[in-house]
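As structure tokens, the structure follows; a few thoughts come after it.
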Amino acid sequence: MIITRDFYQRDAVTVARSLLGLTLVHETEEGITKGIIVETEAYMGIKDPAAHSYKKSPSGRTNVQYGEGGYAYIYLIYGMYYCMNIVTNRADIPEVVLLRALEPIEGIDLMKKRRGTDKILNLCSGPGKLCSAMGITMDNYGTDLCGSQLYLEESEGCKTDGIVASRRINIDYAGEAKDYLWRFTIKDNKYISVKVK
DNA sequence: CGGAAGATTTCT
DNA sequence: GAAATCTTCCGA
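Okay, structure coming up:
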């Protein structure tokens, strides 16, 4: 069952926690890839010094954040890697959830080809790797996640227990905000990004 | 208009 | 531990 718009129209922290255990699906010309979301981070817009939309005008790459929830927000980091975010909440509220890691479940051969590695544990264990494996690029910027190309669906036997909150990764520049417990992972999952805490 | 820095990954 | 590499933002 595909996740509907109202799922995304809540605050980013709630959505980030709820996303764990769901399946991300990307349909491309090369084939379909699917992965279970096992690691997320919430970025609370104007309240969050670590967010791209913090104290910034709604233009350029953050534009889509100011729309309603349920759209893909993609950006290029360090000139080399893409990161995929999900826009949450209502229009004019720039909150997003960063997808940090997936557990591959379908289209694994295609992921291996895109990533250039045979190690399944290394396919989606990080924001940049995840996008590379799924074939996500700036072409997906602003994609409607309630559409038929890039979307989320409920997983069978969805595990919602064992969710762990921790500090976010690589945002030391954000001052005290780096200590907010806005990163969510599935406990003991092998596929989360290697860095812990 | 120019410079600096970043929600990362990979290799040495 | 450092490089790769480019978009965006901020200051001049």
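Using the numbering used here, you'd call the opening residue of the first sequence number 2 and step up by one each time.
Quick reminder that beta carbons are idealized off the backbone N, C-alpha and C, glycines included.
Since this is a predicted model, take the numbers as computed values, not measurements.
Separation of residue j from residue i, as counted between CA atoms
i	j	result
M45	V97	7 angstroms
K198	G129	Bear in mind that the predicted position of K198 carries a pLDDT of just 45, short of 50, making it unreliable; the figure below should be weighed with that in mind. Straight-line Cα distance between these residues: approximately 19 angstroms.
G32	V16	28 angstroms
D162	S156	14 angstroms
S58	V165	33 angstroms
Proximity of residue i and residue j at Cβ, strictly below 8 angstroms
i	j	result
V88	Y76	no
L153	N141	no
F94	P105	Correcting the residue identity first, residue 94 is Ile in this sequence and not Phe. Against a cut-off of 8 angstroms, the Cβ pair of P105 and I94 comes out as no contact.
L100	L146	no
L103	I37	yes
T34	Y83	no
S194	G117	no
Range of the contiguous beta strand (DSSP E) that encloses residue i
i	result
K35	33-44
C84	82-89
Y9	First-last for Y9: 6-9, but that is the alpha helix (DSSP H), not the beta strand (DSSP E).
L100	96-107
A73	73-78
I47	Where I47 is concerned, there is no enclosing beta strand (DSSP E), given that its DSSP letter is neither H nor E.
E30	That residue, E30, is in no beta strand (DSSP E); it is neither H nor E in DSSP.
Reference residue i, options the options, closest by Cα
i	options	result
I109	N90, A134, R101, T29	A134
R6	K48, L103, Y72	Y72
P50	N171, I4, G136, K191	N171
R91	E107, G70, Y79, I193	G70
G176	A52, I3, L20	A52
L25	C125, A178, K191, Q10	C125
K191	N123, G136, A178, A166	N123
N-terminal and C-terminal residue of the alpha helix (DSSP H) that residue i is part of
i	result
V165	From DSSP, V165 is part of no alpha helix (DSSP H) but of the beta strand (DSSP E) over 164-167.
T241	Nothing can be reported for residue 241, as the shown portion of the chain is limited to 2 through 198.
K170	It should be noted that the sequence gives Ile, not Lys, for residue 170. Here I170 belongs to no alpha helix (DSSP H), and DSSP marks it neither H nor E.
L124	L124 -> no alpha helix (DSSP H), and no H or E assigned at all.
### Task
Specify whether the stretch 24-43 and the stretch 184-192 touch according to this definition: at least 3 beta carbon pairs, one from each stretch, less than 8 angstroms apart.
yes
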